[in-house]
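Following our numbering, the numbering of the sequence shown begins with 517 at its first residue and continues without gaps.
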Amino acid sequence: MNEYTRNEIIVRSLRGQSQREIATVLHVSRNTIKSVIQQREAARDGTLDRESQLAANRRGSILDDYETDIRELIVRYPKMKVVEIHRRLQALGYSASYTILRLRVKQIRQQLTAGRLAKTAAPGAVGKVLCRNVVLRSIDSKNLNATLFVFHLEYSGRVYVHLTPSNDLAFVIYEHLRAFEHFSGVTATIKYDELPSLFGSTKGSTVDSSKNAGRSYNQTFIRFANHYGFRPATNDGHDESVKSLVVQIERQLLAESEFRGIDHANDAIGIWCANNRLNVCTADPDKVEARSHESSFLIPLPQHPWSG
Numbered sequence: 517m518n519e520y521t522r523n524e525i526i527v528r529s530l531r532g533q534s535q536r537e538i539a540t541v542l543h544v545s546r547n548t549i550k551s552v553i554q555q556r557e558a559a560r561d562g563t564l565d566r567e568s569q570l571a572a573n574r575r576g577s578i579l580d581d582y583e584t585d586i587r588e589l590i591v592r593y594p595k596m597k598v599v600e601i602h603r604r605l606q607a608l609g610y611s612a613s614y615t616i617l618r619l620r621v622k623q624i625r626q627q628l629t630a631g632r633l634a635k636t637a638a639p640g641a642v643g644k645v646l647c648r649n650v651v652l653r654s655i656d657s658k659n660l661n662a663t664l665f666v667f668h669l670e671y672s673g674r675v676y677v678h679l680t681p682s683n684d685l686a687f688v689i690y691e692h693l694r695a696f697e698h699f700s701g702v703t704a705t706i707k708y709d710e711l712p713s714l715f716g717s718t719k720g721s722t723v724d725s726s727k728n729a730g731r732s733y734n735q736t737f738i739r740f741a742n743h744y745g746f747r748p749a750t751n752d753g754h755d756e757s758v759k760s761l762v763v764q765i766e767r768q769l770l771a772e773s774e775f776r777g778i779d780h781a782n783d784a785i786g787i788w789c790a791n792n793r794l795n796v797c798t799a800d801p802d803k804v805e806a807r808s809h810e811s812s813f814l815i816p817l818p819q820h821p822w823s824g
């Protein structure tokens, strides 16, 4: 079983779907589903030993090596039949059965559809992540490269903003952890722009991979998503207020100020957001009520944080 299937089991279980229903849809046994759920719970409360966790991560399928190719074909050619996908994978060296490929294609199509159809109006349903490379003016006249990480909750409009030295996977995961703590929970779906560090290698692929939906997420990142219970998906656009916030930070603060370093710049961003009442996005009473209402719908944080 690959990490995508584990993610689908976990997300469906958290949304209240029965193990029987999950088994029917994903074509996996109820014992497997029970094992995945128990392993996640043990990892979250810190009772899963390291060897068991590593053993679970090592288990895979021959199809895992072709996950990116399958996703890219499905995204680019939504109506392509499994027979044609099978033929194209054989040209890339795939030698396993047609049957397991057919089941994997069905799972991937369900996952992609679920990501697109996530309800943005529901509290706790969707968060969106935007990363923007910026250049900070340093007091010693040396420019500093940084990444502006913005995490936005669709329902309430709450925003987490922080500068990080890089947008590589370790820093991106770290900023997720800070955002989850800031919000005191996790949305069911998190949508992303193009962010190379989140995706696995597409080496050898013969299909255009310009769309996130057709790419395989980095396996470490999927395990991270499984630990917190969210489904990663492709972003379909940011709220205008978030775009405006990013532009204001860039033009009114970063471009007009000099900093001793990234920590100094983050302190300035925190003060600027507070002064502009933007760290909760707005002082609108309806939004304040929405913020309070949404908190109870977020996925609770685990007792044992992600440790890699």
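Note that beta-carbon positions come from the ideal geometry of N, C-alpha and C, so glycine has one too.
Residues that residue i bridges to, as DSSP identifies them
| i | result |
| --- | --- |
| isoleucine 706 | Gly643, Pro748 |
| alanine 662 | Val650 |
| isoleucine 815 | Val702 |
| valine 677 | Val666 |
| phenylalanine 715 | Tyr733 |
Cβ neighbour criterion (16 or more within 10 Å) applied to residue i
| i | result |
| --- | --- |
| serine 534 | exposed |
| valine 642 | buried |
| serine 726 | The pLDDT assigned to serine 726 is 35, lower than 50, so where the model puts this residue is not dependable, and the model offers no usable value. |
| threonine 615 | exposed |
| glutamate 896 | The structure shown has nothing for residue 896, since the chain only spans 517 to 824. |
| glycine 673 | buried |
| arginine 574 | Bear in mind that a pLDDT of 49 at arginine 574, under 50, signals an unreliable position, so the model cannot answer this. |
| cysteine 797 | Residue confidence is low: cysteine 797 scores 45 on pLDDT, short of 50, so the model does not pin down where it sits. No coordinate-derived value is stated. |
| tyrosine 610 | buried |
| threonine 663 | buried |
| isoleucine 578 | exposed |
| serine 529 | buried |
| arginine 546 | exposed |
| glutamate 810 | buried |
| arginine 776 | exposed |
| alanine 559 | buried |
| lysine 635 | Per-residue confidence for lysine 635 stands at a pLDDT of 49, beneath the threshold of 50, marking its modelled position as unreliable; no derived number is given. |
Nearest candidate by alpha-carbon position, reference residue i, set the options
| i | options | result |
| --- | --- | --- |
| tyrosine 520 | Pro748, Arg531, Asp779 | Pro748 |
| alanine 638 | Arg531, Asn661, Lys595 | Arg531 |
| glutamate 691 | Tyr671, Gln627, Phe667 | Phe667 |
| lysine 759 | Arg739, Arg546, Cys647 | Cys647 |
| isoleucine 624 | Val763, Ala612, Val591 | Val591 |
| leucine 608 | Tyr582, Lys622, Arg587 | Tyr582 |
| proline 681 | Leu693, Tyr671, Phe665 | Phe665 |
| histidine 543 | Asn649, Gln626, Asp752, His602 | Gln626 |
| alanine 686 | Asn734, Ser757, Cys789, Asp752 | Asn734 |
| valine 762 | Ser672, Asn649, Tyr593 | Asn649 |
| phenylalanine 746 | Asn661, Cys789, Leu693 | Leu693 |
| serine 808 | Gly640, Glu600, Gln554, Gly824 | Gly640 |
| arginine 767 | Lys644, Thr705, Glu810, Trp788 | Trp788 |
| valine 552 | Arg739, Asn661, Val675, Asn791 | Arg739 |
| leucine 814 | Gly824, Asn791, Asp779, Ala704 | Ala704 |
| aspartate 752 | Met596, Ile778, Glu710, Phe737 | Glu710 |
| serine 757 | Ala559, Lys644, Ser657, Glu772 | Lys644 |
| threonine 736 | Asn661, Glu772, Gly824, Lys595 | Gly824 |
Contacts around residue i, its chain only, beta-carbon distance under 8 Å, and the 5 residues preceding and following it disregarded
| i | result |
| --- | --- |
| aspartate 684 | Ser713 |
| leucine 817 | Phe696, Glu697, Ser700, Gly701, Val702, Tyr744 |
| isoleucine 785 | Val677, His678, Leu679, Ile765, Leu769 |
| valine 598 | Tyr614, Leu617, Arg618, Val621 |
| aspartate 561 | Pro818, Gln819, His820 |
Own chain partners of residue i with C-beta closer than 7 Å, once the 5 adjacent residues on each side are dropped
| i | result |
| --- | --- |
| isoleucine 549 | Ile525, Gln535, Ile538, Ala539 |
| asparagine 742 | Glu519, Arg522, Asn523, Ile526, Arg556 |
| asparagine 782 | His678, Leu679 |
Backbone secondary structure at residue i - three-state DSSP
| i | result |
| --- | --- |
| valine 599 | helix |
| valine 544 | coil |
| alanine 558 | helix |
| isoleucine 655 | coil |
| glutamate 766 | helix |
| tyrosine 610 | coil |
| glutamate 774 | strand |
| arginine 531 | coil |
| glycine 786 | helix |
| serine 682 | coil |
| threonine 521 | helix |
| alanine 741 | helix |
| serine 823 | coil |
| tyrosine 593 | coil |
| serine 760 | helix |
| tyrosine 671 | coil |
| alanine 638 | coil |
| threonine 563 | coil |
Neighbourhood of residue i by C-beta distance below 6 Å, restricted to the same chain and skipping five residues each side
| i | result |
| --- | --- |
| valine 688 | Ser713 |
| aspartate 580 | Asn518 |
| asparagine 659 | Val651 |
| glutamate 774 | Arg653, Ile655 |
| glutamine 606 | none |
| tryptophan 822 | Phe740, His743 |
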